[in-house]
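This report concerns only the one structure given below.
Residue numbers (my numbering): 1405 to 1729.
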């Protein structure tokens, strides 16, 4: 398949600095060494001037860029005075050939695709960039050739599971499952890993999609006509790192929306808390790895144990709070 991973996420927030503090001081991320397109200085020359942003991760427009690994950045947070939520998702096509094939497949389906100019690609720290929308109206970006810069060294000793698995996963509220499933599976080449009925009647349902060994990089959840983000997930290497993050989040006063628990489908041992942009953030470990021989399963429950607070009623209540609901 042409899509190899979820490479980056763009988020909107009224307070990007809250994301910077959360990411660095509580989760162990690192501010971007240089902003997208910013001059980095001459390699190996200690006298060469470095980035003007001085590795602050903050741009002049108020945007914030966070590192999870050796990529220039994985999470971008853009300032807004409007609704907070998802700005865009960036999917890695791995190389120029995969990029061209994916763009051609989209256009063959009658989907409008805009190829960005060089400035647009530099704004995402990639070699080539294309923009489009999924059937739910989410901004989707395709790219290849990400910028790799300084080795990642967490101030808190955090070690994120990224690399070929991508930066994590996202669970999207979508109003219509069928066209979104067709888009992600038939056009972008994702495969279904599992289905989940969240309530007894099947009115609340989720579909989990993978494009690499991570059990899912995208999940699609239907709750009436709601559109938005239920949660994003970052994976750490060990349960101790997850527990330490949970301690810091609780001590700092963030709202824990789901206790520690293990999901039945992807085996993730995790907790959830409400992030600065109004949707949840999942921090976990032990995520299941699968391959092309995986057989999709249908589950009627979400957890082996724990995750108290992650109930159908809580999911509906969160959907009801979404802008434009």
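Where a beta carbon is used, it is the ideal one built from N, C-alpha and C, also for glycine.
- Between residue 1440 and residue 1529 the beta-carbon gap is near 5 Å, inside 8 Å, which marks them as a contact.
- Put simply, the backbone Cα of residue 1472 is about 22 Å away from that of residue 1664.
- Between the segment 1475-1493 and the segment 1675-1683 there are three or more C-beta pairs closer than 8 Å, enough to call the two in contact.
- Counting C-beta pairs with one atom in each stretch, the segment 1491-1506 and the segment 1547-1561 have three or more that are closer than 8 Å, which means they touch.
- The C-beta separation of residue 1457 from residue 1442 comes to about 6 Å, placing the pair in contact by the 8 Å criterion.
- If you look at residue 1615, you'll find it isn't in any beta strand (DSSP E); DSSP assigns it neither H nor E.
- When the Cα atoms are used, residue 1507 and residue 1599 turn out to be separated by approximately 28 Å.
- In the three-state reduction of the DSSP assignment, residue 1691 falls in the coil class.
- Considered as a whole, the segment 1649-1698 harbours 1660-1667, 1673-1678, 1684-1689 as its complete beta strand (DSSP E) runs of no fewer than 3 residues, in chain order.
- Per DSSP, residue 1532 lies in no alpha helix (DSSP H) segment; the continuous beta strand (DSSP E) that holds it begins and ends at 1532-1537.
- Using a Cβ distance threshold of 7 Å, residue 1716 and residue 1576 do not count as a contacting pair.
- A distance below 6 Å between beta-carbons, with the five flanking residues on each side excluded, links residue 1623 to the following residues of its chain, in chain order: 1575, 1610, 1612.
- Judged by DSSP secondary structure, residue 1494 falls within the beta strand (DSSP E) whose first and last residues are 1489-1496.
- Apart from the 5 residues on each side of it in sequence, residue 1703 sits with its Cβ closer than 8 Å to the Cβ of 1598, 1599, 1600, 1601, 1668, 1669 in its chain, given in chain order.
- A direct Cα-Cα distance of roughly 40 Å separates residue 1561 from residue 1579.
- By the Cβ neighbour-count rule, residue 1477 is buried, with 16 or more other Cβ atoms within 10 Å of its own.
- Closest in C-alpha terms to residue 1573, from the list 1635, 1708, 1592, 1527, comes 1635.
- In this structure, the alpha-carbon of residue 1643 lies about 13 Å from that of residue 1671.
- Measuring C-alpha to C-alpha distances from residue 1658 to each of 1425, 1696, 1552 identifies 1425 as the nearest.
- Listed in chain order, the beta strand (DSSP E) elements of length 3 or more contained wholly in the segment 1517-1581 are 1532-1537, 1543-1548, 1573-1577.
- Annotation for residue 1406: 1497, 1502, 1505, 1506, 1593 place their beta carbon closer than 7 Å to its own, counting only its chain and skipping 5 residues before and after.
- Here residue 1517 really is in contact with residue 1536; their C-beta atoms are around 5 Å apart, less than 8 Å.
- Around the beta-carbon of residue 1552, fewer than 16 other beta-carbon atoms lie within 10 Å, marking it exposed.
- If you check the CB distance, residue 1649 and residue 1431 come in under 7 Å.
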